[in-house]
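Note sheet for the following structure.
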Amino acid sequence: MMELTEYRIQLIMNLETSAQDFRNVCLAVSDPYAPIEQGGWNTHQLAAHTRDVDKLVYGMRARRTLEENNPQFDNFDGDAYMAEHYDSREDLRSMLDGFAANVSSLANILRGLPAQAWARDGKCEESEVIIKSGKTSAILDGLRRFFLFLVLPKWELNERCKPTQE
1255 MMELTEYRIQ LIMNLETSAQ DFRNVCLAVS DPYAPIEQGG WNTHQLAAHT RDVDKLVYGM
1315 RARRTLEENN PQFDNFDGDA YMAEHYDSRE DLRSMLDGFA ANVSSLANIL RGLPAQAWAR
1375 DGKCEESEVI IKSGKTSAIL DGLRRFFLFL VLPKWELNER CKPTQE
């Protein structure tokens, strides 16, 4: 049990740190509207998408799993959502500050959870059931996915964009 508790603590810390690192990397990019790769999204779009996925997918699923018994989650089409809702005029710093604050808020909620709260279930159309009984829970599964979602875009930004020199 101690090993699982330590894993949860590390996962929460990594989630919060990754969100803050993602924020900082995005803000350091000299031109947030330059495509990250030819024909691809730019830093501003990637930041908006990451914020939306936190708000509408992983962060929301973790919160609902804590509040509801066996919640059902709809699929999320990130490309369709971006096509309909993306606003290139949205302030990048405000967007990223809100994103990092939302992740930090979730991390604080998760830090205060009793052990039994981590075993709550949820279902999603994308993967039928997002949890398996035992050591994995809907909350841990979602956090792992979200952590990977945060780490990969940050790596792409670090590798492909030139940050502003201070």
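Quick note, the sequence shown lines up with residues 1255 to 1420 if you use the working numbering. C-beta: ideal position from N, C-alpha, C; glycine also.
- For the pair M1349 and Q1299, the CB atoms are not nearer than the 8 Å cut-off.
- In this structure, the alpha-carbon of E1257 lies about 15 Å from that of M1267.
- Inside the segment 1310-1359, DSSP marks whole alpha helix (DSSP H) runs of 4 or more residues at positions 1313-1321, 1332-1339, from first to last along the chain.
- Going by beta carbons, E1270 and A1361 fall inside the 8 Å limit.
- If you draw a 10 Å sphere on the C-beta of R1374, you find 16 or more other C-beta atoms in it, and that means buried.
- Pairing A1334 with A1369, the inter-Cα distance amounts to about 37 Å.
- The C-beta separation of L1346 from P1286 comes to about 5 Å, placing the pair in contact by the 8 Å criterion.
- Residue burial annotation: S1272 is buried, with at least 16 other C-beta atoms found within 10 angstroms of its C-beta.
- Beta-carbon to beta-carbon, W1372 and R1262 are separated by about 7 Å, close enough to satisfy the 8 Å threshold.
- Contact between F1327 and R1315 holds, with the beta-carbon distance rounding to 6 Å and staying under 8 Å.
- With respect to E1338, A1302 sits apart: the two C-beta atoms are not nearer than 8 Å.
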